[in-house]
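Here is the structure we will look at, set down as structure tokens.
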Amino acid sequence: MELNKFYIGKIGELILKGSNIKIFEMQLVKNTNAYLKNVNARVRLNSGRLYVECDEDAQERVEFALNHLIGITGWAEAVVVEKNIEAIKQEVLTEAIKARDNGAKTFKLDARRSDKSFPLDHYGICCEAAELAYGQKILDVDVKNPDVVIMIEVRDKCFVYSNRTKGRRGLPVGVSGKGLLLLSGGLDSPVAGYRMLRRGMTIDAVYFHAYPYTSDEAREKVEHLAEILSHYGLRVHINTVPFTEVQMQIKKKSPEAYTTLMLRLCMMKCANMIAERIGASCLITGESLGQVASQTIENMSCTESMAEFPLLRPLVGTDKEEIVEIAKEIGTYETSILPYEDCCVLFSPRHPVLRSSVEEAQRIYKELEVDELVKKAYEEREIKRYEV
27 MELNKFYIGK
37 IGELILKGSN
47 IKIFEMQLVK
57 NTNAYLKNVN
67 ARVRLNSGRL
77 YVECDEDAQE
87 RVEFALNHLI
97 GITGWAEAVV
107 VEKNIEAIKQ
117 EVLTEAIKAR
127 DNGAKTFKLD
137 ARRSDKSFPL
147 DHYGICCEAA
157 ELAYGQKILD
167 VDVKNPDVVI
177 MIEVRDKCFV
187 YSNRTKGRRG
197 LPVGVSGKGL
207 LLLSGGLDSP
217 VAGYRMLRRG
227 MTIDAVYFHA
237 YPYTSDEARE
247 KVEHLAEILS
257 HYGLRVHINT
267 VPFTEVQMQI
277 KKKSPEAYTT
287 LMLRLCMMKC
297 ANMIAERIGA
307 SCLITGESLG
317 QVASQTIENM
327 SCTESMAEFP
337 LLRPLVGTDK
347 EEIVEIAKEI
357 GTYETSILPY
367 EDCCVLFSPR
377 HPVLRSSVEE
387 AQRIYKELEV
397 DELVKKAYEE
407 REIKRYEV
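Count along the sequence shown from 1, add 26, and you get the number used in the numbering used here.
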């Protein structure tokens, strides 16, 4: 089929990368092509704009890709017109009529002219292009608070569009190495993973499952969260680690107040093994300072003492309201609030220690004699792969 649909995306942070910009641009194009590998579409990038041409059958997939693609600040379906002011006027009129039919009453024009051979500058383009839409009283002009902004870009071709959709921003996934996300069924860790994806990091995940104390539904919930993250990260492999024996050993040998903290240390021990196996360069958690007992600065220091890789906490300074807002935006909220508890919740003590020292935590950990059980759990992990 003919490539008769045209989309334009605007890159943001990438333009600040100086002599390294080509690396970032190539990764952005590569990622876009990965979304569109099975459809009839063509992708190119030029002068701060990402262009996607496709046929009608590919339209839904292209819009899914642009809605999830990290590295663009916004996108819109555009119309390519002849590079003359009369053609631009006609298309602006068409856009204005569509906007009016959708309830708009006012409009504003915004023009960009990178082709300096075009006879009008951006102000001249706006003045001339508004003639038909305003003259025929389709919409009134409001330059401060318009109902719709109609964009005109005169580049190697001429593009007219409106109703730009907000993009994900950030750096293209794949330019910042790989991290291992400790993924639970809660609200925080999926949001932490998403925030690292937006910094260009590829992520894999690890989930600690304590069957039969945690149900198969709890595991399926976390797997679905990994699948949602793969829509932004192109691929996410989730390692499910059977942690029941480890938790029972903790319950048997740890002082009750320390059980959650000891569980966190055991998780770090296992995460180190997986990170080394997959070639990750860091660990990622959803910890937020002071949110729960295990996330005081003292207890987080104890947890970090077991990490053999840099431990990133992208949510450390955020509150719950901010986390919920992002979870709703990225589509993990409804899954995260399903009533299937993870192992941390089920084994939580009534009065957890709030401010342990690293020395005391390490002493109790050694007394658990749990290293062989952690290694056994690592070796029995199951891996599920999600790709766009």
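In this text, a Cβ means the ideal position worked out from N, Cα and C, and glycines have one as well.
Predicted model only: the values in this text are computed from it and were never measured.
Among the options, nearest to residue i - alpha-carbon criterion
i           : options            : result
residue 22  : 229, 143, 37, 169  : As displayed, the chain neither begins before 27 nor continues past 414, which places residue 22 out of reach and without an answer.
residue 359 : 80, 42, 211, 36    : 211
residue 189 : 47, 288, 133       : 133
residue 292 : 114, 314, 333, 140 : 333
residue 56  : 42, 317, 78, 237   : 78
residue 20  : 172, 114, 165      : Nothing about residue 20 can be read from this structure; the chain reaches only from 27 to 414.
residue 137 : 323, 153, 224      : 153
residue 382 : 326, 392, 195      : 326
residue 94  : 70, 61, 271        : 61
residue 310 : 341, 318, 317      : 341
residue 300 : 233, 288, 272, 322 : 233
residue 128 : 143, 164, 363      : 164
residue 180 : 59, 142, 213       : 142
residue 423 : 74, 365, 251, 58   : In the structure as shown, the chain begins at 27 and stops at 414. Residue 423 is therefore absent and cannot be evaluated.
residue 80  : 69, 183, 90        : 69
residue 64  : 54, 72, 88, 45     : 88
residue 15  : 306, 399, 222      : Because the chain here runs from 27 to 414, residue 15 falls outside it and cannot be looked at.
residue 347 : 213, 109, 84, 72   : 213
residue 260 : 72, 83, 90         : 90
residue 345 : 365, 238, 312      : 312
residue 59  : 298, 139, 84, 294  : 84
residue 335 : 324, 366, 294      : 294
residue 238 : 303, 274, 172      : 274
residue 183 : 144, 366, 284, 408 : 144
residue 10  : 303, 284, 323, 109 : The chain is shown from 27 up to 414; residue 10 falls before or after that span and cannot be answered.
residue 331 : 391, 71, 225, 302  : 391
Cβ separation of residue i and residue j, assumed to be a contact under 8 Å, to the nearest whole Å
i           : j           : result
residue 200 : residue 240 : Actually they do not touch by this definition, with Cβ atoms about 33 Å apart.
residue 375 : residue 282 : 5 Å
residue 47  : residue 217 : Actually they do not touch by this definition, with Cβ atoms about 29 Å apart.
residue 296 : residue 338 : Residue 296 to residue 338, Cβ: 18 Å. No contact.
residue 417 : residue 278 : With the chain covering 27 to 414 only, the question about residue 417 has no answer from this structure.
residue 356 : residue 220 : 5 Å
residue 125 : residue 32  : Not a contact, Cβ separation roughly 19 Å.
residue 51  : residue 40  : 6 Å
residue 96  : residue 196 : 5 Å
Beta-carbon gap between residue i and residue j smaller than 8 Å
i           : j           : result
residue 193 : residue 101 : yes
residue 107 : residue 186 : yes
residue 320 : residue 286 : yes
residue 29  : residue 66  : yes
residue 329 : residue 389 : no
residue 256 : residue 86  : no
residue 236 : residue 269 : yes
residue 396 : residue 276 : yes
residue 202 : residue 209 : no
residue 151 : residue 123 : no
residue 37  : residue 76  : yes
residue 317 : residue 198 : no
residue 111 : residue 146 : yes
residue 380 : residue 288 : no
residue 140 : residue 73  : yes
residue 258 : residue 223 : yes
beta-carbon residue i near the ligand GTP non-hydrogen atom, thresh 7 Å
i           : result
residue 333 : With respect to the ligand GTP, the structure shown offers nothing to examine, as it has no ligands at all.
Residue-chain proximity (residue i, chain C), Cβ-Cβ < 8 Å
i           : result
residue 115 : The structure shown contains no chain C; it is built from a single protein chain.
Fill in: Contact between the segment 116 to 126 and the segment 151 to 166 (3+ Cβ pairs under 8 Å)
Using a C-beta cut-off of 8 Å, the segment 116 to 126 makes contact with the segment 151 to 166, since at least three inter-stretch Cβ pairs fall below that distance.
Practice prompt. Starting from the N-terminal side, write out each stretch of the alpha helix (DSSP H) that is 4 residues or longer and does not extend beyond the segment 331 to 362.
Written response: 346 to 356, 359 to 362
Discussion item. Is it the case that the segment 261 to 269 contacts the segment 392 to 409, given that we only count it when at least three CB pairs across the two stretches are under 8 Å?
Written reply: Touching, yes.
Practice prompt. Please specify which runs of the alpha helix (DSSP H), each continuous and at least 4 residues long, are wholly inside the segment 191 to 249, giving them in chain order.
Written response: 214 to 223
Worksheet entry | Whole runs of the alpha helix (DSSP H) within the segment 55 to 135, excluding any shorter than 4 residues | Counting only runs of 4 or more, we get 85 to 94, 111 to 127.
Worksheet entry | Continuous alpha helix (DSSP H) assignments of at least 4 residues falling wholly in the segment 287 to 333 | Runs found: 323 to 330.
Practice prompt. Return the chain-ordered ranges of every beta strand (DSSP E) run that is complete within the segment 145 to 181 and spans a minimum of 3 residues.
Written response: 174 to 180
Item to complete: Give, in chain order, every unbroken run of the beta strand (DSSP E) that is at least 3 residues long and sits entirely within the segment 245 to 285.
Response: 261 to 268
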